[in-house]
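Worksheet for the structure shown next.
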Amino acid sequence: MDQKDHSKIEVYLDDGDEPIVVYNPPAQMVLDTTTLDDGEHLLKFIASDESNKKSIKKIKFVVRNGPGISVDGLKENEVVEGNLQLLLNAYGGAYLERWEPHRAETPAPIPTWTWIIFIIIVAWSIFYFVDQWNPSEKYENTPTYQNNSSK
145 MDQKDHSKIE VYLDDGDEPI VVYNPPAQMV LDTTTLDDGE HLLKFIASDE SNKKSIKKIK
205 FVVRNGPGIS VDGLKENEVV EGNLQLLLNA YGGAYLERWE PHRAETPAPI PTWTWIIFII
265 IVAWSIFYFV DQWNPSEKYE NTPTYQNNSS K
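So the sequence shown is numbered by the numbering used here: it starts at 145 and just counts up by one.
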């Protein structure tokens, strides 16, 4: 008896009741993910031998064929109240001939940490300028500037 005649591998998709394909090992399989919805999926392989002993292997995978979705203004599990203003964008078309990359750029407000760093740099620059400023001798004895070193 040949092992190929009695061994088989059944392939199930997403806990389906019927196998999507049945192979006699060894075999190669091509899974077309373009027919699947985006998101998590499960492939389950059930191998059985001539004595009907079975072995099961499950593989989880994520399909991302559709357009990417960007949401600015709300994070997962965030506690919110009142009205929310959300910025939504969907971009895709990597398979299109005339895909425009600028559509994948979601305009977003400047982050708070960027403003804080900018303010610190400007404040330090002003402090440095004032601290290092030395007027010429022509202006040393004017009422707006008095040299405190002579006191």
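Quick reminder that beta carbons are idealized off the backbone N, C-alpha and C, glycines included.
What you are looking at is a predicted structure, and each value in this text was computed from that prediction instead of being measured.
task = Can you give me the start and stop residues for the alpha helix (DSSP H) that valine 274 sits inside?
result = Numbered from its first residue, the sequence shown carries residue 274 at position 130. Start and end: 256-276.
Q: Note down, in chain order, each residue of its chain lying with its Cβ closer than 8 Å to the Cβ of arginine 171, except the 5 sequence neighbours on either side.
A: Your numbering for residue 171 matches position 27 in the sequence shown. Residue identity differs from the one stated: residue 171 is alanine in this sequence, not arginine. Ile153, listed in sequence order.
Counting pairs of Cβ atoms below 8 Å between the segment 182-189 and the segment 199-209, do you hit three or more? Taking 8 Å as the limit for Cβ pairs, the verdict is that the segment 199-209 does touch the segment 182-189.
Notebook entry, point to check: Rounded to the nearest angstrom, how far is the Cβ of leucine 230 from that of aspartate 216, given a contact under 8 Å?
Noted result: Counting from 1 along the sequence shown, the entry for residue 230 is found at position 86. Counting from 1 along the sequence shown, the entry for residue 216 is found at position 72. Confirmed, about 7 Å.
Return helix, strand or coil for glutamate 284, following the three-state DSSP convention. Along the sequence shown, read from residue 1 onward, the residue named residue 284 stands at position 140. DSSP places glutamate 284 in coil when its eight states are reduced to three.
CB lysine 188 to CB lysine 202, shorter than 7 Å? Here residue 188 is taken as the residue at index 44 of the sequence shown, counted from 1. Here residue 202 is taken as the residue at index 58 of the sequence shown, counted from 1. In this structure, lysine 202 lies closer than 7 Å to lysine 188 by Cβ.
Q: Return the CA-CA distance between tyrosine 272 and glycine 226, expressed in angstroms with no decimal places.
A: For the purposes of this step, residue 272 is taken as the residue at position 128 of the sequence shown. For the purposes of this step, residue 226 is taken as the residue at position 82 of the sequence shown. Tyrosine 272 and glycine 226: Cα-Cα distance of roughly 44 Å.
Notebook entry, point to check: So, are the CB atoms of glutamate 222 and histidine 150 less than 7 Å apart?
Noted result: Mapped onto the sequence shown, residue 222 falls at position 78. Mapped onto the sequence shown, residue 150 falls at position 6. Against a cut-off of 7 Å, the Cβ pair of histidine 150 and glutamate 222 comes out as no contact.
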